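Structure, as structure tokens:
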Amino acid sequence: MNSGRPGRPCHPERSHPMEIRSPAFADHGAIPRACTCDGGDHSPPLEWSGLPDRTLSLALIVDDPDAPDPAAPTRTWVHWILYNLPSGTKGLAEGVRTLPPGTLEGLNDWRRTGYGGPCPPVGRHRYFHKLYALDCLLPDLGLPKKEVLERAMAGHVLAQAELVGTYKR
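Using the working numbering, the first residue of the sequence shown is number 158, and each one after it goes up by one.
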């Protein structure tokens, strides 16, 4: 018999959505010089929370859609690709050198693994730190470019969060 009350969802939604943040800069704030090619080129510290319960792994893509000139962008420049981060990971330290066990890397647009910091030739650029919660562990994709990783993630993304930082030389 229907009591007239709406049914309860089988999997209640979290009260707090997935979030990524950095203690080094606010969302849409300036990325510290130490995290750029003009400083130590260290990866920024990142923290996240609110992962969906079914999260088995995470992927992180950092890219700049304003390359080479924000007034007339022609491409998105990829700065960092990580995947198969363990779901229990809560973040990454500044300048992280040892990645969490099981984490795999992709190639950035300098054709190397690891973080490559902001180094814009002209204007203020935006750097999107995109975190994806996945319902699986991805197979070893070798050293994938961004497009290969995105294809592999298709159909497996439970949630996404992003943090945008800016930098101007």
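Built from N, CA and C at the ideal position, the CB exists for glycine as well.
A quick note: this is a predicted structure, and the numbers were derived from the prediction, not measured.
Exercise for the section: For phenylalanine 285, collect the residues of the same chain with a Cβ closer than 6 Å to its Cβ; drop the 5 residues on either side in sequence, then sort them by chain order. Expected result: Here residue 285 refers to the residue found at position 128 when the sequence shown is read from its first residue. If we look at phenylalanine 285 and ignore the five residues flanking it on each side, its Cβ neighbours are Asp220, Glu319 and Val321.
Practice task
Determine the direct distance from the alpha carbon of alanine 187 to that of glycine 263, and round the result to whole angstroms.
Solution key: Mapped onto the sequence shown, residue 263 falls at position 106. Mapped onto the sequence shown, residue 187 falls at position 30. Going by the C-alpha atoms only, they are around 25 Å apart.
Handout entry: Touching by the beta-carbon criterion (3+ pairs, under 8 Å), the stretch 297 to 307 and the stretch 261 to 279
Key = yes
Exercise for the section: Pull up the CB-CB distance for glycine 274 and histidine 236, whole angstroms please, since I reckon it's below 8 Å. Expected result: Here residue 274 corresponds to residue number 117 of the sequence shown, with the count starting at 1. Here residue 236 corresponds to residue number 79 of the sequence shown, with the count starting at 1. Rounded, the Cβ-Cβ distance is 7 Å, consistent with contact.
Handout entry: Residue from Arg254, Tyr324 and Glu251 whose Cα sits closest to the Cα of glycine 280
Key = Residue numbering aside, residue 280 sits at position 123 when the sequence shown is read from its first letter. Nearest option by C-alpha distance: Tyr324.
Practice task
For cysteine 192, I'd like the list of residues in its chain whose CB is within less than 6 Å of its CB, leaving aside the five on either flank, ordered along the chain.
Solution key: Mapped onto the sequence shown, residue 192 falls at position 35. Cβ within range, chain order: His199, Pro201 and Gly274.
Practice task
Have a look at glycine 248 and isoleucine 177 and give me their C-alpha separation to the nearest angstrom.
Solution key: Here residue 248 corresponds to residue number 91 of the sequence shown, with the count starting at 1. Here residue 177 corresponds to residue number 20 of the sequence shown, with the count starting at 1. Answer to the nearest angstrom: the Cα atoms are 9 Å apart.
Problem - Residue span of the beta strand (DSSP E) that contains alanine 191, given as start and end - result: In the sequence shown, residue 191 corresponds to position 34, counting from 1. From DSSP, alanine 191 is part of no beta strand (DSSP E); its letter is neither H nor E.
Exercise for the section: Would you list the residues sitting across from serine 206 in a DSSP beta bridge? Expected result: Here the question's residue 206 lines up with position 49 in the sequence shown. Serine 206 pairs with Glu176.
Practice task
Under 8 Å by Cβ, that's how I've got leucine 256 and aspartate 292 pegged, so tell me the actual separation to the nearest angstrom.
Solution key: Along the sequence shown, one-based indexing puts residue 256 at 99. Along the sequence shown, one-based indexing puts residue 292 at 135. About 21 Å separates the two Cβ atoms, so there is no contact after all.
Problem - Cβ-Cβ separation, leucine 208 to alanine 309 (assumed contact under 8 Å), whole Å - result: Here residue 309 corresponds to residue number 152 of the sequence shown, with the count starting at 1. Here residue 208 corresponds to residue number 51 of the sequence shown, with the count starting at 1. Their Cβ separation, rounded to whole angstroms, is 19 Å, which puts alanine 309 and leucine 208 out of contact at 8 Å.
Practice task
Name the residue from Arg211, Ala216, Glu251 and Trp234 whose alpha carbon lies nearest to the alpha carbon of leucine 295.
Solution key: Here residue 295 refers to the residue found at position 138 when the sequence shown is read from its first residue. Among Arg211, Ala216, Glu251 and Trp234, the Cα nearest to that of leucine 295 belongs to Ala216.
Problem - Under 7 Å between C-beta atoms of proline 189 and alanine 181 - result: Position 32 of the sequence shown, counting from 1, holds the residue named residue 189. Position 24 of the sequence shown, counting from 1, holds the residue named residue 181. Yes; because the gap between Cβ atoms is below 7 Å, this pair is in contact.
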